[in-house]
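For the sequence shown, the working numbering begins at 9 and goes up steadily by one.
Backbone N, C-alpha and C define an ideal beta-carbon position, used for all residues, glycine too.
In this text, all values refer to a predicted model and were calculated from it rather than measured experimentally.
Heads up, the thing below is written out as structure tokens.
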Amino acid sequence: HAFDMFLRATTGGRIELPAVTTIVDPNTGDTRNRGVHITADGPGSTVDLSALEQFTDANPDERSSLTVANSGVIQVPSLVRLNSVAISLDANSTLATSQITDFTSGSIT
């Protein structure tokens, strides 16, 4: 069974989660077909995770993702730890990465 969670801001929409500090897909149960996927796609599309410090997926196959496309914005100024998360970012979008100090088993494209 697949149990993915998707948070998608599109066509100028906003998702406001400024108090979330941790996102964890735990290592309990079957981790093979689940993940947390956060996307901001399009001008004005914003996901506010300004307090997020850690985003971890227990499955090392990068089941979870941060995707920013077409001038979208994911606000993560406090994010310092990523584990098994795939980041997809195009040239016209915004996702701060300079503050990340621990990036394990993930990818950036």
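Cα-Cα separation, residue i to residue j
i           : j           : result
residue 91  : residue 16  : 21 Å
residue 110 : residue 46  : 19 Å
residue 106 : residue 86  : 10 Å
residue 62  : residue 112 : 12 Å
residue 58  : residue 116 : 20 Å
residue 67  : residue 34  : 8 Å
Anticipated Cβ contact below 8 Å, residue i with residue j, distance rounded
i          : j          : result
residue 48 : residue 93 : About 15 Å separates the two Cβ atoms, so there is no contact after all.
residue 13 : residue 44 : 5 Å
residue 36 : residue 76 : Rounded, the Cβ-Cβ distance is 29 Å, inconsistent with contact.
Check whether residue i and residue j have beta carbons under 9 Å apart
i          : j          : result
residue 60 : residue 28 : yes
residue 51 : residue 79 : yes
residue 56 : residue 22 : yes
residue 99 : residue 83 : no
Cβ-based burial, residue i [other Cβ within 10 Å; buried from 16]
i           : result
residue 114 : buried
Item checked: Ranges of the beta strand (DSSP E) found wholly within the segment 23–96, counting only runs of at least 3 -> 30–33, 44–49, 54–56, 62–65, 72–77, 81–83, 89–91
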